[in-house]
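Q:
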DNA sequence: ATATATTACTACCTTTTTGTAGTATTTATT
DNA sequence: AATAAATACTACAAAAAGGTAGTAATATAT
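Chains as they are written, first to last, in the working numbering: chain A, 299 to 446; chain B, 299 to 446.
So, in structure tokens, the structure goes:
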């Protein structure tokens, strides 16, 4: 479950983009904002485009925008796409043979924790993040008004 | 959270040992039972001894036994010991600056899933696994009696 | 004593992941 | 047309993780 830095990067990028309101995000801009290594970030952005999360436009003033509605991208999907389907549903003891029919001793216990996690990740879309972020902004602004 | 195969191996080994009743477990025996690469397994067993989970005896008839009571070893401890303390409590977006005071947009949501997981892992000791395993055995035996 | 079965140590090799470099391509601006 | 600011592609380099090999040390059995 999020074994890779790459997946973390992807969530960072998509989360960031989802919560701002730019028309277009260039790799250079994202690099400066997020501190992800320039070249690696570019490759990852291309990957995210190939996977259908983003849409790229080349040339001057080019960059990346979302290819789909934010509501359609949930966090579990991002993780699954980048790490392969299994990462979110592996046996905690690492037994490849641990399945419902033939569970390992940890199966039920671990399943409970895992399900909770997967549920939350599947139910959180980028649109939700955007909503949350904007609420936070409003709250901060109101606090500012009250205290000043 | 369980980023490494090594951690998986460790849980497999300790879980296996906890649920059987041998006096002593040699690396060779564990290798045959668990299919973990021979040489790597040995190194890991030595590591687990250094970390105070196991106690080793050299020489003929040597091997490994638990160094502490099974009740004192919970799964979160194993994971923390092998992967470093942070693995179980990292920000899902990978922000090192994401803390309670300055949470990322996913902080609360992710915290909820993570806490559930950590709770379960911390509350499950090797002794619990042993108990579960023996219950399973008894159940299977009874089933056998009933069906035969 | 010697042989055997075990762990311990150290160094190395392989694979995967992360990160970099160079060059080509695309497109808006001037 | 030239320039500049972008992405795309391919290959390579570095670091981390996973795995192997050789040899030394230890203790039991014969």
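Beta carbons are placed, not taken as given, at the ideal position from N, Cα and C, and that holds for glycine. The structure presented is a predicted model; accordingly, all values stated were derived computationally and were not measured.
Please confirm whether residue 329 of chain B and residue 318 of chain B have their CB atoms less than 8 Å apart.
A: Residue numbering aside, residue 329 of chain B sits at position 31 when the second chain is read from its first letter. Residue numbering aside, residue 318 of chain B sits at position 20 when the second chain is read from its first letter. The answer is no: Cβ separation not under 8 Å.
Q: Starting from residue 303 of chain A, trace the alpha helix (DSSP H) both ways and give me its first and last residue.
A: Translated into positions along the first chain, residue 303 of chain A becomes position 5. Here the alpha helix (DSSP H) through residue 303 of chain A covers 303-317.
Q: Looking at chain A, is there any beta carbon in it that lies within less than 8 Å of the beta carbon of residue 425 of chain B?
A: By one-based count along the second chain, residue 425 of chain B stands at place 127. Answer no: the Cβ-Cβ gap between residue 425 of chain B and chain A never drops below 8 Å.
Q: Given that a residue counts as buried once 16 or more other Cβ atoms are within 10 Å of its Cβ, and exposed if not, what is residue 421 of chain B?
A: Within the second chain, residue 421 of chain B is the residue found at index 123, counting from 1. Its Cβ having fewer than 16 others within 10 Å, residue 421 of chain B is exposed.
Q: Quick check: is the beta carbon of residue 415 of chain A nearer than 8 Å to any beta carbon in chain B?
A: Working through the first chain from its first residue, we reach residue 415 of chain A at position 117. Cβ-Cβ to chain B under 8 Å: yes for residue 415 of chain A.
Q: For a test of the three-state rule: what should DSSP assign to residue 333 of chain B, helix, strand or coil?
A: Residue 333 of chain B sits at position 35 when you count from the first residue of the second chain. It is coil, neither helix nor strand.
Q: With DSSP as the reference, identify every bridge partner of residue 354 of chain A, one or two as the case may be.
A: As a first step, residue 354 of chain A is located in the first chain; it is residue number 56 there, counting from the start. Residue 354 of chain A pairs with A:362.
Q: Between residue 411 of chain A and chain B, is any beta-carbon pair separated by less than 8 Å?
A: The sequence position of residue 411 of chain A within the first chain is 113, counting from 1. It does: the Cβ of residue 411 of chain A has a partner Cβ on chain B nearer than 8 Å.
Q: Using the three-state DSSP reduction, which class does residue 388 of chain B fall into: helix, strand or coil?
A: The sequence position of residue 388 of chain B within the second chain is 90, counting from 1. Annotated three-state conformation of residue 388 of chain B is coil, per DSSP.
Q: I'd like the span of the alpha helix (DSSP H) that includes residue 397 of chain A, first residue to last.
A: In the first chain, residue 397 of chain A corresponds to position 99, counting from 1. First-last for residue 397 of chain A: undefined, no H or E at that position.
Q: Identify whether residue 439 of chain A lies in helix, strand or coil by the three-state DSSP scheme.
A: Residue numbering aside, residue 439 of chain A sits at position 141 when the first chain is read from its first letter. If DSSP states are grouped into helix, strand and coil, residue 439 of chain A belongs with the helices.
Q: Quick one: is residue 322 of chain A buried, meaning 16 or more other Cβ sit within 10 Å of its Cβ, or exposed?
A: Along the first chain, one-based indexing puts residue 322 of chain A at 24. The residue is exposed, with fewer than 16 neighbouring Cβ atoms inside 10 Å.
Q: Measure from the C-beta of residue 306 of chain A to each C-beta in chain B and report whether the shortest distance is under 8 Å.
A: Your numbering for residue 306 of chain A matches position 8 in the first chain. Yes, its Cβ sits closer than 8 Å to a Cβ of chain B.
Q: In its own chain, which residues sit with a C-beta less than 7 Å from the C-beta of residue 432 of chain B, not counting the 5 before and 5 after it?
A: Position 134 of the second chain, counted from the start, is the residue given in the question as residue 432 of chain B. Excluding positions up to five away in sequence, the list is empty.
Q: Let's see if you can read the secondary structure: which residues bound the alpha helix (DSSP H) around residue 377 of chain A?
A: Here residue 377 of chain A corresponds to residue number 79 of the first chain, with the count starting at 1. Note, residue 377 of chain A: alpha helix (DSSP H), 373-381.
Q: Write down the C-beta distance between residue 363 of chain A and residue 353 of chain A rounded to the nearest angstrom, noting that I regard them as a contact closer than 8 Å.
A: Here residue 363 of chain A refers to the residue found at position 65 when the first chain is read from its first residue. Here residue 353 of chain A refers to the residue found at position 55 when the first chain is read from its first residue. Taking 8 Å as the upper bound for CB-CB distance, residue 363 of chain A and residue 353 of chain A are in contact here, some 5 Å apart.
Q: Check residue 423 of chain B in the structure and name its three-state DSSP category.
A: Within the second chain, residue 423 of chain B is the residue found at index 125, counting from 1. Three-state DSSP puts residue 423 of chain B in a strand.
Q: Evaluate residue 341 of chain A with the Cβ neighbour count: other Cβ atoms within 10 Å of its Cβ, from every protein chain shown; 16 or more gives buried, anything less gives exposed.
A: Walking along the first chain from the start, residue 341 of chain A turns up at place 43. That one is exposed.
Q: Drop a sphere of 10 angstroms on the beta-carbon of residue 400 of chain B, count the other beta-carbons inside from all chains shown, and report buried for 16 or more, exposed for fewer.
A: Looking up residue 400 of chain B in the second chain gives position 102. Exposed is the call here.
Q: Can you check whether the C-beta of residue 327 of chain A is within less than 8 Å of a C-beta belonging to chain B?
A: For this step, residue 327 of chain A is matched to residue 29 along the first chain. Answer no: the Cβ-Cβ gap between residue 327 of chain A and chain B never drops below 8 Å.
Q: Output, in chain order, the set of chain A residues within a Cβ distance shorter than 9 Å of residue 301 of chain B.
A: Position 3 of the second chain, counting from 1, holds the residue named residue 301 of chain B. The answer, in chain order, is 299, 300, 301 and 302.
Q: Got a sec: is the Cβ-Cβ distance from residue 404 of chain A to anything in chain B below 8 Å?
A: Within the first chain, numbered from 1, the residue matching residue 404 of chain A stands at position 106. Chain B contact via Cβ: present.
Q: Quick one: which chain B residues come within Cβ less than 9 Å of residue 431 of chain A?
A: The residue you call residue 431 of chain A lines up with position 133 of the first chain. Taking a Cβ-Cβ threshold of 9 Å, the residues of chain B close to residue 431 of chain A are 403, in chain order.
Q: Could you say if the segment 410-424 of chain A and the segment 367-387 of chain A meet the contact criterion of at least three C-beta pairs nearer than 8 Å?
A: yes
Q: Are residue 313 of chain B and residue 403 of chain A touching if we call contact CB-CB under 8 Å?
A: Position 15 of the second chain, counting from 1, holds the residue named residue 313 of chain B. Position 105 of the first chain, counting from 1, holds the residue named residue 403 of chain A. Against a cut-off of 8 Å, the Cβ pair of residue 403 of chain A and residue 313 of chain B comes out as a contact.
Q: Using a Cβ cut-off of 8 Å, pull out every chain B residue sitting near residue 310 of chain A, in sequence order please.
A: Locating residue 310 of chain A in the first chain gives position 12, where the first residue counts as 1. Residues of chain B passing the Cβ test: 391, 392 and 393.
Q: In whole angstroms, give me the CA-to-CA distance for residue 412 of chain B and residue 357 of chain A.
A: Translated into positions along the second chain, residue 412 of chain B becomes position 114. Translated into positions along the first chain, residue 357 of chain A becomes position 59. Each residue's CA atom was taken as its position, placing residue 412 of chain B and residue 357 of chain A some 42 Å apart.
Q: Is it true that the CB of residue 368 of chain B sits closer than 8 Å to the CB of residue 308 of chain B?
A: Working through the second chain from its first residue, we reach residue 308 of chain B at position 10. Working through the second chain from its first residue, we reach residue 368 of chain B at position 70. No, Cβ-Cβ distance for residue 308 of chain B and residue 368 of chain B is not below 8 Å.
Q: So, is the C-beta of residue 317 of chain B closer than 8 Å to a C-beta in chain A?
A: On the second chain, residue 317 of chain B is found 19 positions in, with the first residue counted as 1. Chain A, which has a Cβ nearer than 8 Å to the Cβ of residue 317 of chain B, makes this yes.
Q: Would residue 313 of chain A count as contacting chain B if we go by Cβ distances under 8 Å?
A: Counting from 1 along the first chain, the entry for residue 313 of chain A is found at position 15. Chain B, which has a Cβ nearer than 8 Å to the Cβ of residue 313 of chain A, makes this yes.
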